[in-house]
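Numbering (the numbering used here), first residue to last: 1 to 357.
Don't be surprised by glycine CBs; every beta carbon is placed ideally from N, CA and C.
Please read all numbers here as calculations on a predicted model, not as lab measurements.
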Amino acid sequence: MVWIMLSEVGLYLSFSILMGALFMSYIPESKKPDIHVPKRWLQLATLGVAVFSFSPVLELASRFYETRGFFGAIVQVIKDFQIGQMWALALVLIIMFYLFITFAPIFDDVQYRSISLFFVISLIFSISVNSHTSSLSGYGILYHAIHFLTMSVWIGILLQVSWFSKNSRNWLSFLKWFTPVAMILVVLVIFTGFLLMTLLMNVAEYPQTWVLNYGQYLLIKHLIVIPVLAFGFLNGFYMKGRLRKGNEGDPRRWTKTESLFLLIVFPVTGLLGQQEPPHNIEVTKVSDGISPMFQLLSPDSQIGFAFGGLSFLFGLLAVLFLTLLILQFRKNGPAIPAFIMGLLFTVSSYLFIMASI
């Protein structure tokens, strides 16, 4: 459902705003640009966590509407199901956190900031209890929570310096610490993502999952990450060299582009959450059927690679678009064409893979 996908986007975005603001509040003023986050944004993000995390409860309650009514169904889910009980616990934490950030000067005292950080991390773990992987393994909660947390910090920092900063002052000092931190976060995101995959499927059969909706969305998600890594490398290493040479230009437009690309991952993640994971590919084929996207681009339901003229063309286009993205950055041109090149790379690389099957 579209509203479930949008709620996933809103939930990730809300946590990213909270984690980004809290993380950056620990950084000395001399090592970051001038950032101002109105308290209203933190309050809205907190309310967003309450609203957007409610969608799984609402979806489950919809199965009981006819017999219990709207409110009766919700009460039943909260009373009888873990997903409802954990949301109720999260709601209590959210109310406490909302009151805390409303009345406490969290940016003026390190103790208040630390308490706020504890609240947010606790909320992430409470939501991770309801993740699909938590029902498969005790480690699933931990993997999901760390994956969610590192994504929120990574994107949160980018949102802070890109959209909440007043200027690009101290940008070189910012990059000196953020570049290694971002590398650690990326490694953690990839590693925990891989661990989550091991719980949801046989990783060796990953290409075979492309015949399913789940596999299609997972492939698209992975391809989106490639331009993100390209932007991250350029914003981290190449931009640092450019600033040392005294080249002018606002680097925030490039981090805005990187953050927008990362935000594209959220709706794809939302779509993934609505699909049945391929614990057994053949069984999932029978229950969910072949992906319409796969059927459109590949008439054969069996995965086997055979490179031809069409796949070569799409592969060449993918390399071309990624090269143009890098060149656009190097010549310090407008960021929008680079963003479009990143999108075209994602589409071309996807078509390259599908045409090679």
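Counting pairs of Cβ atoms below 8 Å between the stretch 16-31 and the stretch 142-161, do you hit three or more?
-> yes
If we ignore side chains and look at the alpha-carbon of each, how far apart do L322 and W154 end up?
-> 23 Å
When you compare each of T255, M86, L317 and L44 to S376 by their alpha carbons, which one comes out closest?
-> A query on residue 376 cannot be resolved here, the shown segment of the chain reaching from 1 to 357 and no further.
Secondary structure at I35, three-state DSSP: helix, strand or coil?
-> I35 falls in the strand class under three-state DSSP.
With 16 other CB atoms within 10 Å as the buried threshold, where does A45 fall?
-> buried
Pick out whichever of A338, L218, G246 and S30 has its Cα sitting closest to the Cα of G273.
-> L218
Bounding residues of the alpha helix (DSSP H) (the contiguous stretch that carries G361) | This structure cannot settle anything about residue 361, because the visible part of the chain is limited to 1 through 357.
Segment limits, alpha helix (DSSP H) that includes E59 = S55 to A61
Kindly provide the ranges of any beta strand (DSSP E) runs that are 3 or more residues long and lie completely inside the stretch 54-116, ordered along the chain.
-> none
For S165, name the three-state secondary structure that DSSP assigns.
-> strand
Is V181 closer than 9 Å to I157 when the C-beta atoms are compared?
-> In this structure, V181 lies closer than 9 Å to I157 by Cβ.
F64 versus K79 - alpha carbon distance = 13 Å
Out of curiosity, what's the CA-to-CA distance linking T67 and Q76?
-> 11 Å
Using the rule of at least 16 other Cβ atoms within 10 Å of the residue's Cβ for burial, across every protein chain shown, is V286 buried or exposed?
-> Answer is exposed; the Cβ neighbour count stays below 16.
Which first and last residues belong to the alpha helix (DSSP H) in which E358 is found?
-> Since the displayed the chain opens at 1 and closes at 357, residue 358 lies outside it and no answer follows.
Whether H279 touches L200 by CB criterion (9 Å) = Yes.
Can you grab the Cα-Cα spacing for the pair A61 / A90, in whole Å?
-> 18 Å
For K331, which three-state DSSP category applies?
-> If DSSP states are grouped into helix, strand and coil, K331 belongs with coil.
Whole-angstrom distance between N235 and G69, CA atom to CA atom | 52 Å
Return helix, strand or coil for P28, following the three-state DSSP convention.
-> If DSSP states are grouped into helix, strand and coil, P28 belongs with coil.
Comparing alpha-carbon positions, which option in V211, L149 and F71 lies nearest G193?
-> Considering only alpha carbons, the answer is L149.
Should R252 be labelled buried (16 or more other beta-carbon atoms within 10 Å of its own) or exposed?
-> buried
Assumed close pair L175, K240 - CB separation to whole angstroms, cut-off 8 Å | 5 Å
Give, in chain order, every unbroken run of the alpha helix (DSSP H) that is at least 4 residues long and sits entirely within the stretch 173-213.
-> none
Residue from V2, I35, E282 and L297 with nearest C-alpha to N202 = E282
Endpoints, alpha helix (DSSP H) assigned at P292 = P292 to L297
Pick helix, strand or coil for P337, following the three-state DSSP scheme.
-> helix
Using three-state DSSP, classify I357 as helix, strand or coil.
-> coil
Are the beta-carbon atoms of Q216 and M293 separated by less than 9 Å?
-> yes
Going by the CB atoms, is the gap between I4 and E59 shorter than 9 Å?
-> Annotated as proximal: E59 and I4, with beta-carbon spacing under 9 Å.
Along the chain, where does the alpha helix (DSSP H) that runs through K285 open and close?
-> I281 to D288
Do G48 and S25 have their CB atoms nearer than 9 Å?
-> No, Cβ-Cβ distance for G48 and S25 is not below 9 Å.
Given a threshold of 16 other Cβ atoms within 10 Å of its Cβ, counted over all protein chains shown, does F118 qualify as buried or as exposed?
-> exposed
Check whether I224 and F261 have beta carbons under 9 Å apart = Contact flag set, yes.
Same chain, Cβ closer than 7 Å to A50, neighbours up to 5 away in sequence not counted = L91 and I94
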